[in-house]
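Below is one structure, written out as structure tokens; the observations come after it.
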Amino acid sequence: MGLWTAAQARAAGLSADSGIARGISLDLARQRVRQISGVHYDLSLDLTATDSAAGTVVIRFDRARNSGDLVLDFRGPTLADLTVNGRPLPAEGRKDGHLVLPAALLKTGANVVAARFATPIAASGAAIIRYHDDKDGQTYLYTLLVPSDANLLFPCFDQPDLKAPFRWTITAPSGWTVIANGPLNGQQPVTGGTRCRFAETEPISTYLAAFAAGPWTRWTSTPPGERPINLYARASRRAEVDAEAQIATNRAAVRWLADWFGIPFPFAKLDLLLAPAFPFGGMEHVGAVFYNEDRFIFREPPTLPQRVGRDATIYHEISHQWFGDDVTMCWFDDLWLKEGFSTYMAARIQAELQPDSNAWTTFLLSTKTPAYRADATSGTQALWQPLDNLDAAKSNYGPIVYNKAPAVIKQLAFLVGEAGFRRGLHRFLTDHAYGNATWQDLLGAVGGASGIDLTTFGKQYVLRAGLPRVETQLRIAGGKITSLTLFQQPVRALPGDAGGAWPMKVRVRLGYHTRPDVVLDAAFDGKTATVAGAAGLPVPDYVWPNDDDQGYGLFLPDDRTIAWIVAHVGTVKDPLLRAMLWSAVWDTVRDVRFAPTRYIAMLLDHLPAESDEQISRIILSRGAAALDVYLPDDASAPLRPRWEQALFARIDDATLGYGLRKDALDRLIATARTPLALGRLRDLLAGRTTFVGAAIRQPTRWAIVRRLIAIGAPDATALYATEQHLDQSSEAVKDAFVARAGTPDRAVKAAYFSRYFDDATLNEAWASESLGAFNAIEQAGITLPFLRPALDRLEWIRQNRRIFFLPAWIDAFIGGQRDAAALDVVDRFLDAQPTLPLDVRRKVLTARDELALTVRIRTAAFTVSAADI
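Using the working numbering, the final residue of the sequence shown is 873, and nothing's skipped along the way.
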């Protein structure tokens, strides 16, 4: 055991013969919660060097009597001058990111630990990310510590339930602006730069600590009687930022949430940063919310889904100030508790503040649909995800946490009622303010406030993986309903599933063309729900068992309803209902009951009348998947002329709004194959044709270039070089890098594949963005040889890349395939890796099952009629 004693190992939650664990183990975290409390951090950092930051830390805490040795976390390269209560402690005993503070140096009650340290600054793989602006040569720095990289930045007790006030002191080059969690208290010139001192924060978790430094440009808004909100961005992009709108959206979210929760904004200040090459959509650091610059700056007129998407990210991150920052989960096994609630609250804010945006249609299409897709696979997992070590926490992020959780919360709110739900949330946030909580605390608060026992709800929705498949049985006689019953069963049999029924309350719609529709409530009693009040009613045209989208499950329509939807979906006025009915037919395509050719025919029949941008976008996206993924080339070829003509008609229809026309153009770019369509794209690129009366702008120009590269167009190389010359924007280098990844040449692919692992200067966000181009579906034969090497590197990626890179990598490399040969590669990999970490295996299985479904649909013996084509 080297320098560790058996007592020291026990203090870390380890047995004497188990060695030192990397990361932060659950046992270690539990031990430390029993040992210490009242933690405070005073941090000083010098950012004037290029590749590393030097700092000092002073940690104050209270220690319980006779609690033994204490483990400190730090993975940075340099730790020196360490003292415990003023007595020196050699740092050479550090191992695998841990250092034992011996009990002999510790006291009962107040303790002080101090040290010098250094941490890397790099384009990726570091706690401090460096971004070089190719436009003006400036450098920008920002931190990213979630879920457990705080101990890569500074020595700490890196776990979410040891909250602490932070006081930052940061020295940066002269002329730079620095922001951190607390308000700026003052600054002074020093040799080589400026020293900024920040006020102490409220108690926060280590993963929420943050700062950013650089020659940022700033906008400030301070309405009378309200706190100021500052927005920061790169100086080279100042003219592109709609700062007033962004600040206003953040402020509106703060106001609404404070009122709805009945709890004021819980922190001292709010700064916003548009972070370049940021690998997430946003990050909710206390006092300094970071947003993805590329998603927040529109380089061409935005569509409604783009605007709603940006607003949803803002609403999500601001919701975190209450759910996640103020009240934090005790451990990352309850990650869903903050992410799910923030996504759900974002939808509620959108519905209240933007009533014309069809927020619950957005929620269905952007949140619930990805949840259903992931939860139906063998790679799914429960909302509460056992986690032995924070090293693996990044793999808990994904559609179950971000998509299923808010969908389940919507059902919870409907089940208990609005009044009880809101009272319960207020109680939860009040009882655990500036502290930590678990899912049991949440359901206890909501159940207590509503008077409903949520024990079974927690067992079936929080602790159980998977989702129900809900089908309808309509019995009729003499033109009347004799009975209407809903049946549920698991979509998939999962190993270890204890079974049982999901408690669920739904609304069932009976649709009529000769009389008003009837909507009836129904609740499952076990595996069935009898729709009381339906008996005796006239036979409806269709039955939709999840009206208002309150239930969570795969709701599959009966054949009679499918036939009505195919013929009449375009006549449904309510956008949410229309979106659900469209989704129901797509689900039957994925259930291998409805031919992709029929879906495309149905789509083209109803597309001219579709006026909702979000619905148009999703049905066209699904049509493209049917055309390019689910159909073999010989089956899709006869459909392409009509598909492209429909898109041409939509692009050129001056009666349609910009967003509908732009969505059609985007879909044309993504699927163009015929000379006519490719000629249209070249005309747009050359300026011979305009779009909505104007020349196209970035990023549409690069999208066309990427398409021509992906299909191996003979002029693609020349057009790529021309675009590099023409594009003088700050994003030109990144866009060129992404586009070239789609080159249909194995040598180019091999060079990119090597760079993903060997190039320390390659920003992770650039790499992630290029994966789709690398794995263009048209190039499946070229990329197939890279599939197994890509899978072989998964554990390295898990250890060395940020939260969302691993699932993006898996989805790109497996999702870029569509044939049985690729499925065989994946299955052989899984068979050969019995010790693959479970979290990684699950992500592979999720993508693997999607590929298996694609193969199944492509080989299904559908009967195709001439009318389908």
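Beta carbons: idealized from backbone N, C-alpha and C, even for Gly.
Just to confirm before moving on: does the CB-CB distance between residue i and residue j stay below 8 Å?
i	j	result
residue 546	residue 519	no
residue 792	residue 829	yes
residue 882	residue 550	Nothing can be reported for residue 882: it is not among the residues displayed for the chain, which extend from 5 to 873.
residue 398	residue 240	no
residue 490	residue 532	yes
residue 116	residue 64	yes
residue 148	residue 79	no
residue 276	residue 254	yes
residue 40	residue 66	yes
residue 440	residue 333	yes
residue 308	residue 618	yes
residue 269	residue 258	yes
residue 476	residue 562	yes
residue 676	residue 621	no
residue 702	residue 656	no
residue 512	residue 535	yes
residue 848	residue 834	yes
residue 357	residue 260	yes
Check each candidate in the options and name the one with the smallest Cα separation from residue i.
i	options	result
residue 650	680, 336 and 750	680
residue 654	613, 632 and 641	613
residue 31	321, 245, 52 and 163	163
residue 559	224, 277, 417 and 588	588
residue 840	746, 368, 396 and 102	396
residue 55	41, 136, 592 and 246	136
residue 883	819, 517 and 74	For the chain, the structure presents residues 5 to 873; residue 883 sits outside this window and is missing.
residue 850	810, 480, 836 and 838	810
residue 251	263, 225 and 437	225
residue 152	209, 114 and 198	209
residue 438	688, 662, 512 and 168	168
residue 592	294, 215, 365 and 377	377
residue 243	838, 461, 665 and 222	222
residue 77	89, 69 and 61	61
residue 715	786, 771, 822 and 834	786
Excluding the 5 residues preceding and the 5 following residue i in the sequence, name in chain order all residues of the same chain whose CB lies nearer than 8 Å to its CB.
i	result
residue 186	170, 171, 172, 202, 203, 204, 205, 272, 273 and 291
residue 868	The predicted model places residue 868 with a pLDDT of 48, which falls under 50 and marks its position as unreliable, so this point remains unresolved.
residue 84	95, 119, 120 and 121
residue 874	What the structure shows of the chain is the stretch from 5 to 873, and residue 874 is not part of that stretch, so it cannot be assessed.
residue 445	432, 435 and 436
residue 827	821, 852, 855, 856 and 859
Measure from the C-beta of residue i to each C-beta in chain B and report whether the shortest distance is under 8 Å.
i	result
residue 813	The structure shown contains no chain B, having only a single protein chain.
Within the continuous alpha helix (DSSP H) that includes residue i, where are the two ends?
i	result
residue 464	No alpha helix (DSSP H) holds residue 464; DSSP gives it neither H nor E.
residue 122	Segment 113 to 126 is the beta strand (DSSP E) holding residue 122; no alpha helix (DSSP H) there.
residue 475	Careful: residue 475 lies outside any alpha helix (DSSP H), inside the beta strand (DSSP E) at 472 to 481.
residue 770	768 to 778
residue 848	842 to 863
residue 150	Residue 150 -> no alpha helix (DSSP H), and no H or E assigned at all.
residue 415	409 to 420
residue 708	704 to 714
Within its chain, find whatever has a CB closer than 6 Å to the CB of residue i; leave out the 5 residues flanking it on each side and keep chain order.
i	result
residue 769	281 and 283
residue 340	387, 405 and 409
residue 6	Note that residue 6 has pLDDT 31, beneath the 50 cutoff, so the model's placement of it is unreliable and the number below is only indicative. Answer for residue 6: no residue qualifies.
residue 417	425
residue 375	403, 407, 408 and 411
residue 436	331
residue 91	109
residue 773	742
To which residues of the same chain is residue i closer than 7 Å at the C-beta, ignoring the five residues directly before and after it?
i	result
residue 740	728
residue 853	381, 382 and 383
residue 864	596
residue 747	713
residue 666	307
Mind checking which residues open and close the beta strand (DSSP E) that includes residue i?
i	result
residue 745	Unbroken run through residue 745: none, as it is neither H nor E.
residue 649	Looking at the DSSP string, residue 649 is not in any beta strand (DSSP E); the run it does join, the alpha helix (DSSP H), is 644 to 655.
residue 223	221 to 225
Going by the C-beta, is residue i closer than 7 Å to any heavy atom of the ligand PLP?
i	result
residue 69	This structure does not include the ligand PLP; it has no bound ligands of any sort.
**Prompt:** Counting pairs of Cβ atoms below 8 Å between the region 225 to 233 and the region 295 to 307, do you hit three or more?
**Reply:** no
**Request:** Count the C-beta pairs between the region 448 to 460 and the region 335 to 354 that are closer than 8 Å, then say yes if the count reaches three, no if not.
**Result:** With fewer than three CB-CB distances shorter than 8 Å, the region 448 to 460 does not count as touching the region 335 to 354.
**Asked** Do the region 573 to 582 and the region 323 to 335 make contact, defined as three or more Cβ pairs closer than 8 Å?
**Response** no
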